[in-house]
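Data block below; observations after.
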Amino acid sequence: MADQGTDIAARKPLGLWRHLNKLRWLSLSCVLAMLIIIPYLHLYQTYTASHAYDLLAPSEKRIYDAMEILTAPFVSNPAEDLDAIKGNTWSGTFWGFRVSDPLAALGQSVAGLNVHWPFVATALIPIVVTLFFGRIFCGWICPATLIYELNTNFAAWLRWAGLKPALIPDHWRFDRRIKYAVLAGGLALSALSGASLVAGVYPPAIIGRETYYAVAQGGFGVGSAIFFATLLFDLLITRRGFCRYVCPGGALYSLLGRYRLVRIRRIAESCNDCAKCNVICEFELDPMRDDFGQECTNCTACMAICPTDAMTFMLRAGDYPAQGPGHLGREYRDAEIKQSEAAE
Amino acid sequence: MIRRVRGPAGNHGGPEIMVAVMRRRTFIRVLSSGAVATIVPAETRAVTRASKQRYLRPPGALDEDEFVARCIRCGQCGEACPNRCIKYFGFENGIQSTDTPFITPREKACVLCMKCGDVCPTGAIQKIERKAETIMAEVKMGHAVVDESLCLSFQGKTCGVCYRACPLPDVAIRVGRLEQPHVLEACVGCGLCERSCIQLPQAIKVMPNHG
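As structure tokens, then:
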């Protein structure tokens, strides 16, 4: 037993890791805030560009002055610095460096039936990151994720209040592979129509556009209706259903991250089979039985909730084979007692 | 598809040349319309192109079909536009055009700042240097056409507003007697003349280069 004790100590996850989930929420909030602030910056820039200061109304002068005072410590060249971050998570510019979603590059290549390398190259960094970290975009960056997770909480509240209609039985599950069919079908339609139609149903692309439309173009566009439909689907039918069953980008990231190196794994020695990880997992994976698969977004919610610190990271191209019941759980203890009784 | 291409003499009596080009999209449309034609009688069939709306693509945009294929609908061209003239389609121009940028020159025309091409990540809007020569060589948004029956100057009321609004005066547009405007071959179709026209409805219009 002493031997096992040192083993547990050696395998204890880093204390920081159970706080990663908070960091993730911060990251998601920042991305969504960015997508809302950037269109306002655009409005501000175009407004000041087209109105002489001395012709501004007093209230507008106050806004202008406040903006100047707020930005002055950080800004040397207003035009350049305000342009430092532009665009959205679908395709954006960060200090002159362009980054695009792999699905944008793929959709465009398929729609045009040729590969436009200057653009495809901008998707390289997300692709490499996905190869190492899996669907980390879905868990940490996607602006829709924050809204979807809040939606999950809302669904839980509805259930608590007894307002959630049971449209499908609780145990009912769709097939996760639907999203690969959606990806393939979307690409086929894009090739046939000669237009990148996948962009129309991909929530991060929709949110990037729609926040801009809402702020600067005078109202939401057609994409918001699609996004609202996905929210309803998640709320009424199945938790995070769109991400798990439909999202074409999620499908692409899943495929890219299939052999990801950085994975979450269960320390069977510290696990007590409480199944809190399985309950909290938004993607309804099975961390308690070592089943993460290619769908895991490394969101670290299971790490944060684990009462015995039995979740940690590992560097391995595949999941651990099932390790059986947790050593602190009843099932394992009973089996051990039975074994020792048999030995006697 | 038979495309109409303006002849060398511009819009002043220049013959419209019919050029037969077959693009993939057209090919598919022909195929599908063939399939539809076998089922639905011709009289009840809807038009092939969803919209007859007159719109311009941003300066430096590729040819329509290629543009639609290249554009990823990120919305950055609009966010870069200091003039805020770039708007986005919903479904009104067909599902392929959804969320692609366009300009309605009568509402707000392009000032040819070329910033949309700078930010476009895909090259659907080409990067074009902001110089008169490069703009004239590479921007092909459309071509302005004067309706002489509406134009005030042609009715004897000296106007010339379109000429003064043009960013390429004497190169893209020239005025003759009584400030009567004549659009020249170098017109890139920015639409500032159409935007500025004081006549209602406007006597000068930009005819877009696409379909």
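Going down the list, the protein sequences come from chains A and B. Going by numbering that gives the first Met the number 0, 108 is the number at position 109 of the first sequence; the sequence numbering is gapless. Going by numbering that gives the first Met the number 0, 94 is the number at position 95 of the second sequence; the sequence numbering is gapless. Built from N, CA and C at the ideal position, the CB exists for glycine as well.
Check: Exposed or buried, what is Q52 (chain B) when buried is set at 16 or more other beta-carbons lying within 10 Å of its beta-carbon?; Outcome: exposed
Check: Which residues, in order along the stretch 172–188 of chain B, keep a beta-carbon less than 7 Å from a beta-carbon of chain A?; Outcome: none
Check: Check this for me: beta carbons of I347 (chain A) and V200 (chain A), under 8 Å apart or not?; Outcome: Residue 347 (chain A) is absent from the model: chain A starts at 0 and stops at 343.
Check: Would you please verify whether the beta carbon of I71 (chain B) is less than 8 Å from any beta carbon of chain A?; Outcome: yes
Check: Thinking C-alpha only, which one of A:S223, A:G292, A:G249 and A:L327 is nearest M266 (chain A)?; Outcome: The question names Met, yet the displayed sequence has Ile at residue 266 (chain A). Taking only the C-alpha atoms, the option nearest I266 (chain A) is A:L327.
Check: Please name the residue in A:A183, A:A160 and A:P306 whose C-alpha comes closest to that of V245 (chain A).; Outcome: A:A183
Check: Compute the Euclidean distance between the alpha carbons of E59 (chain A) and M66 (chain A), then round it to the nearest angstrom.; Outcome: 11 Å
Check: Rounded C-beta distance between D64 (chain B) and G193 (chain A)? I'm assuming under 8 Å.; Outcome: 6 Å
Check: Suppose the cutoff is 6 Å on Cβ atoms and the five residues either side in sequence are ignored; what does the same chain contact list for N20 (chain A) look like?; Outcome: T299, A300 and A303
Check: Which residues of chain A have a Cβ atom closer than 9 Å to the Cβ of T97 (chain B), listed in chain order?; Outcome: A194, L196, A198, G199, G220, V221 and G222
Check: Entirely within the stretch 201–268 of chain A and at least 4 residues each: give me those alpha helix (DSSP H) ranges in chain order.; Outcome: 202–215, 222–235 and 247–255
Check: Please report how far the alpha carbon of W89 (chain A) lies from the alpha carbon of F136 (chain A), in whole angstroms.; Outcome: 11 Å
Check: Which residue spans inside the stretch 105–174 of chain B form an unbroken alpha helix (DSSP H) run of at least 4?; Outcome: 114–118, 131–137 and 160–164
Check: Of the residues B:V187, B:F153 and B:F101, which one's Cα is nearest the Cα of C115 (chain B)?; Outcome: B:F101
Check: Where does the unbroken beta strand (DSSP E) through M302 (chain A) begin, and where does it stop?; Outcome: No beta strand (DSSP E) holds M302 (chain A); the alpha helix (DSSP H) holding it covers A300 to I304.
Check: Could you spell out the range, first to last residue, of the alpha helix (DSSP H) harbouring M287 (chain A)?; Outcome: Taken as a continuous stretch (DSSP letters only), M287 (chain A) belongs to no alpha helix (DSSP H), as it is neither H nor E.
Check: Locate the alpha helix (DSSP H) running through S339 (chain A), then write down its first and last residues.; Outcome: R329 to A342
Check: If we count the other Cβ atoms within 10 Å of its Cβ and call it buried at 16 or more, is F90 (chain B) buried or exposed?; Outcome: exposed
Check: Assess, as a yes-or-no matter, whether the stretch 72–88 of chain A is touched by the stretch 201–217 of chain A under the definition of 3 or more beta carbon pairs within less than 8 Å.; Outcome: yes
Check: Could you tell me the distance, in whole angstroms, from the CA atom of Y331 (chain A) to the CA atom of C141 (chain A)?; Outcome: 39 Å
Check: Just to confirm the assignment, what range does the beta strand (DSSP E) spanning T92 (chain A) have?; Outcome: S90 to F93
Check: Count the other C-beta atoms from every protein chain shown that fall within 10 angstroms of the C-beta of P320 (chain A), then say buried if there are 16 or more, exposed otherwise.; Outcome: exposed
Check: What residues in the stretch 38–51 of chain A bring their beta carbon closer than 8 Å to a beta carbon of chain B?; Outcome: P38, H41, Q44, T45, A48 and S49
Check: Mark M313 (chain A) as exposed unless 16 or more other C-beta atoms lie within 10 angstroms of its C-beta, in which case mark it buried.; Outcome: exposed
Check: Three or more beta-carbon pairs under 8 Å between the stretch 71–89 of chain B and the stretch 125–136 of chain B, yes or no?; Outcome: no
Check: The alpha helix (DSSP H) spanning H41 (chain A) covers which residue range?; Outcome: L19 to S49
Check: Let me make sure I understand the geometry here. Which of A:R97, A:C242, A:G95 and A:G138 has the alpha-carbon closest to that of L22 (chain A)?; Outcome: A:G138
Check: Indicate whether H142 (chain B) and V110 (chain B) have their beta-carbon atoms separated by less than 8 Å.; Outcome: no
Check: Express the C-alpha separation of L255 (chain A) and V128 (chain A) in angstroms, rounding to a whole number.; Outcome: 10 Å
Check: Quick one: is S185 (chain A) near chain B, going by C-beta distance under 8 Å?; Outcome: According to the sequence displayed, residue 185 (chain A) carries Gly and not Ser. Chain B, which has no Cβ nearer than 8 Å to the Cβ of G185 (chain A), makes this no.
Check: Report the residue from B:Q154, B:M140 and B:K139 whose alpha carbon sits nearest the alpha carbon of D146 (chain B).; Outcome: B:Q154
Check: Within 10 angstroms of its Cβ, does G12 (chain B) collect 16 or more other Cβ (buried), or is it exposed?; Outcome: Unreliable positioning characterises G12 (chain B) in this predicted model, as indicated by a pLDDT of 43, which lies under 50. A coordinate reading is not provided.
Check: Just verifying my parser: in three-state terms, what is the DSSP assignment at I71 (chain B)?; Outcome: coil
Check: Among the residues of its own chain, which have a CB less than 6 Å from the CB of R10 (chain A), if the five just before and after it don't count?; Outcome: I266
Check: Against F226 (chain A), what residues of chain B qualify as contacts under a CB-to-CB distance less than 8 Å, listed in chain order?; Outcome: None at all; the shortest Cβ gap to chain B is about 13 Å.
Check: Sorted by chain position, which residues of the same chain lie with C-beta nearer than 6 Å to N208 (chain B)'s C-beta, five sequence neighbours on each side aside?; Outcome: K139 and G141
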